[in-house]
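In the numbering used here, the protein residues as written are 9 to 570.
Below is one structure, written out as structure tokens; the observations come after it.
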Amino acid sequence: MGGLELGFLNSAGFRKGVHGKIDVCTESLRRVPWDSRPKFVRVVRMRAMNDDLGFTDVKSSKDTKRPKKQIFEGPEAVLGLVIASVAVLVDILKSIVLVFTGPISTNARLSQRVRVLEKESSNLKADKVTLEEDLGTLLEVESALQVAEVTKARISEQSQSLRGDVEERDNIIKSLSEEKGKLTEQIRSFNKKSKVMADRRQEFENQKASMELEMQRLLAKTGELESKLRLLEQENANLRREHLKVAGLQAKITDLESTLLGMKKNIAGLSYDNDTLLRQLSAKNLEYAKLEGKYTGVKGDVNAKKDEVSSIQTMLELQVKGNDKLREENTRMLQKMEAAQSVKSQLEQDLQKTAAEKERVISELRQQERAKGVLQEQMSKMNKQDQQGREALEEELKSKIKTVDEEKLALEERIKEAEGARDALQKEWEYKLVQKALQVRDLEKRNREIEKALAEAREMGMAWENYNSDLEAQYKELEVKYNEVEGFAEQQREETARAREEVKLGKDRAQKLEENLMAASKEVEDLRARTALLEDEREQDLESLKSEKEMLEQTSLKHFYL
């Protein structure tokens, strides 16, 4: 609302037809506390009343200080406005009375002034109606502000409670984050331990792989050694068989030795018989020498003797032929003995051919036994023949005995050589058996060591597997705990997010309410500014009316005195 236009120059120094603009007091520095709420309330300033109109004459602010202003609120302000309007009307009526009681020269001017005052009174009535409407709106706004303050207080309480909850949740989240940090540190330490254990496990697996390779190599070696052992066992079995065969040969050789001893005994008996025969022959020669003289005359006896001698010679020839056959048989026996020696040498070279050769030797020995039996029979026949004709066969028997002795010596030498070869073979076989037994013992010792190492490796593997299983169980327990803590932290995060959303919504609501309050306060300020403008205009109008009243009084006094 602008200022009122006046049709004359008043005593306050206003220009004619112009009303100065009135400053609006927003009272930004002076606030009235109201139920401990924000001080958005603006007050309507009322000036002090004088004696009759209720207003004091206020000079310009340059000359004098303005007095303290009385502050009215609510219905009091409305009452003040009504009183001021009534005072203005009374003043107007007084001025009208003065005008009518004044001189006639001023009637036109006073009538004009009355018209102006009527217009001003109508304007004031309209302003009064608008002020009443504005006061109703102010009351509604104040009630809305009270409701808004109450809601703001509730929202602040809710926000404080939510802040407390958020702080509690933040503390819980901090504690959970600390626990999570501890758990993460524990998990890191366990991860480090698990890495170390994984490295150890890898080393153990590498060692296990190397041990497995070593085991495979040892198993291969054991397989090879077992194959060798089987071969050695086969060879040992073959050697045992050959040893049994050699034992059989030894038994046969002992039998042959016993037979040779028997032959030696027989030969000794034959030599003794030969000695006895030689003695008998010498005795008979002596007797024959004695009887030569006796039997010289007896030709028939001599012829008979000659026939007997011829028959003996024929028998001796037959015996010589038999001796030739025996010599051939002896040469054959010698050849067979040489073959037996060659067979024994072949037995040393190749052990697999010994059985057949030994059988041949056994057969040859049997043939020799048979030949010896034949010789014994022949010797017995020769003894019988010697008994028939010992005298003629003494030299031949001696030669035969010598040859038999030589053959016997040769046979003994050959038997000794065969025994030496047999002893050498037996020693070699015993040495080989001892070496193979030592090899078998070393292999068994090595197998025991390998089995012991394998058992230790298995025990270490089981221990490592148990340790790894324990570590995996601990790691799983920690993972379960970590997942539980993570779930609880996720729940707390969700709750804090919900609380933050609620706080944000509350803040948004509070902000909206504050904006509404600010808008309402702005509206109130606008209304108060308008009321202040109206008040200032009314004050200026009253001042102008007072000045006009004074002027009218002066003019009336002048007219009265005139």
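For every residue, glycine included, the Cβ atom is placed at its ideal position computed from N, Cα and C.
Would you kindly work out how many angstroms separate the C-alpha atoms of ALA540 and THR563, rounded to a whole number? Taking the sequence shown and counting its residues from 1, one reaches residue 540 at position 532. Taking the sequence shown and counting its residues from 1, one reaches residue 563 at position 555. The alpha-carbon atoms of ALA540 and THR563 are separated by roughly 33 Å.
If you draw a straight line from the C-alpha of ARG249 to the C-alpha of GLN210, how long is it? The residue you call residue 249 lines up with position 241 of the sequence shown. The residue you call residue 210 lines up with position 202 of the sequence shown. Between ARG249 and GLN210, the C-alpha separation is close to 54 Å.
Please check the pair SER93 and LYS557, which I expect to be a contact at CB under 8 Å, by giving their CB distance rounded to whole angstroms. Here residue 93 corresponds to residue number 85 of the sequence shown, with the count starting at 1. Here residue 557 corresponds to residue number 549 of the sequence shown, with the count starting at 1. Incorrect: roughly 17 Å between the Cβ atoms, too far for contact.
I'd like to check one pair, GLN499 with ILE180: are the Cβ atoms closer than 8 Å? Within the sequence shown, numbered from 1, the residue matching residue 180 stands at position 172. Within the sequence shown, numbered from 1, the residue matching residue 499 stands at position 491. No.
Proximity below 8 Å, CB of ASN89 to CB of LYS136: Along the sequence shown, one-based indexing puts residue 89 at 81. Along the sequence shown, one-based indexing puts residue 136 at 128. Here residue 89 is Leu; the residue named in the question, Asn, does not match the sequence. The answer is yes: Cβ separation under 8 Å.
Have a look at GLN154 and ARG517 and give me their C-alpha separation to the nearest angstrom. For the purposes of this step, residue 154 is taken as the residue at position 146 of the sequence shown. For the purposes of this step, residue 517 is taken as the residue at position 509 of the sequence shown. Using only the alpha carbons, I get a separation of about 16 Å.
Going by C-alpha distance, which of LEU486, LEU550, LYS512 and LEU525 is nearest GLU187? For this step, residue 187 is matched to residue 179 along the sequence shown. GLU187 has its Cα closest to that of LEU486, out of LEU486, LEU550, LYS512 and LEU525.
Rounded straight-line distance, which links the Cα of GLU427 to that of GLN443: Indexing the sequence shown from 1 puts residue 443 at position 435. Indexing the sequence shown from 1 puts residue 427 at position 419. Near 24 Å, if we compare the C-alpha coordinates of GLU427 and GLN443.
How big is the Cα-Cα spacing for LYS200 and ASP207? Here residue 200 is taken as the residue at index 192 of the sequence shown, counted from 1. Here residue 207 is taken as the residue at index 199 of the sequence shown, counted from 1. LYS200 and ASP207: Cα-Cα distance of roughly 10 Å.
For LYS515 and GLU509, I'd like the C-alpha separation in whole angstroms. As a position in the sequence shown, residue 515 is number 507, starting the count at 1. As a position in the sequence shown, residue 509 is number 501, starting the count at 1. Distance between the alpha carbons of LYS515 and GLU509: 9 Å.
If the criterion is Cβ atoms closer than 8 Å, does the pair ASP99 and LEU521 meet it? Indexing the sequence shown from 1 puts residue 99 at position 91. Indexing the sequence shown from 1 puts residue 521 at position 513. Cβ distance not < 8 Å, so ASP99 and LEU521 don't count as in contact.
Among GLU141, GLU126 and LYS127, which residue has its Cα nearest to the Cα of VAL532? Position 524 of the sequence shown, counted from the start, is the residue given in the question as residue 532. Among GLU141, GLU126 and LYS127, the Cα nearest to that of VAL532 is on GLU141.
What three-state label does DSSP hand THR563 in the structure shown? Position 555 of the sequence shown, counting from 1, holds the residue named residue 563. Helix at THR563.
Starting from the C-beta of THR159, find all residues in its chain whose C-beta is less than 8 Å away, skip the five residues before and the five after it, and write them out in chain order. Translated into the one-based positions of the sequence shown, residue 159 becomes position 151. Taken in chain order, the residues that qualify are LEU521.
Under 8 Å, do ASP549 and GLU128 count as touching if we go by C-beta distance? For the purposes of this step, residue 549 is taken as residue 541 along the sequence shown, with counting starting at 1. For the purposes of this step, residue 128 is taken as residue 120 along the sequence shown, with counting starting at 1. Cβ distance < 8 Å, so ASP549 and GLU128 count as in contact.
For ARG55, is the classification buried or exposed, using 16 other Cβ atoms within 10 angstroms of its Cβ as the cut-off for buried? Along the sequence shown, read from residue 1 onward, the residue named residue 55 stands at position 47. Because ARG55 carries a pLDDT of 38, less than 50, the predicted location of this residue cannot be relied on, and the following value inherits that uncertainty. So ARG55 ends up on the buried side.
Leaving out five residues on either side along the sequence, give the residues of the same chain with a beta carbon under 7 Å from the beta carbon of ALA432. For the purposes of this step, residue 432 is identified with residue 424 of the sequence shown, where counting begins at 1. Within the same chain, ALA432 has no close Cβ partners at all.
Rounded C-alpha distance that separates GLU480 from LYS440: On the sequence shown, residue 480 is found 472 positions in, with the first residue counted as 1. On the sequence shown, residue 440 is found 432 positions in, with the first residue counted as 1. Using only the alpha carbons, I get a separation of about 58 Å.
Buried or exposed for ARG456, going by 16 or more other Cβ atoms inside 10 Å? In the sequence shown, counting from the first residue as 1, residue 456 sits at position 448. ARG456 comes out exposed.
Is it the case that the Cβ atoms of VAL96 and LEU147 are separated by a distance below 8 Å? Translated into the one-based positions of the sequence shown, residue 96 becomes position 88. Translated into the one-based positions of the sequence shown, residue 147 becomes position 139. Cβ atoms of VAL96 and LEU147: not closer than 8 Å.
Cα-Cα separation between GLU551 and GLU545, rounded to whole angstroms: Start at 1 with the first residue of the sequence shown, and residue 551 comes out as number 543. Start at 1 with the first residue of the sequence shown, and residue 545 comes out as number 537. If you take the alpha carbons of GLU551 and GLU545, they lie about 10 Å apart.
Taking the alpha-carbon positions, what's the GLU547 to GLU126 distance? Residue 547 sits at position 539 when you count from the first residue of the sequence shown. Residue 126 sits at position 118 when you count from the first residue of the sequence shown. Roughly 18 Å between the two C-alpha positions.
For ALA505, which residues from the same chain have a beta carbon less than 7 Å from its beta carbon, with the 5 sequence-adjacent residues on both sides left out? Taking the first residue of the sequence shown as 1, we reach residue 505 at position 497. Around ALA505: no qualifying Cβ.
What's the call for ARG536, buried or exposed, on a 16-neighbour Cβ count within 10 Å? Within the sequence shown, residue 536 is the residue found at index 528, counting from 1. So ARG536 counts as buried.
Return the CA-CA distance between MET470 and ALA461, expressed in angstroms with no decimal places. The residue given as residue 470 occupies position 462 in the sequence shown. The residue given as residue 461 occupies position 453 in the sequence shown. Computed Cα separation, rounded: 14 Å.
Rounded straight-line distance, which links the Cα of GLU176 to that of ALA217: Working through the sequence shown from its first residue, we reach residue 217 at position 209. Working through the sequence shown from its first residue, we reach residue 176 at position 168. Approximately 57 Å between the Cα atoms of the pair.
Which same chain residues end up closer than 8 Å to LYS530 when comparing Cβ atoms and leaving out the 5 residues on each side of it in sequence? Taking the sequence shown and counting its residues from 1, one reaches residue 530 at position 522. Contacts found: none.
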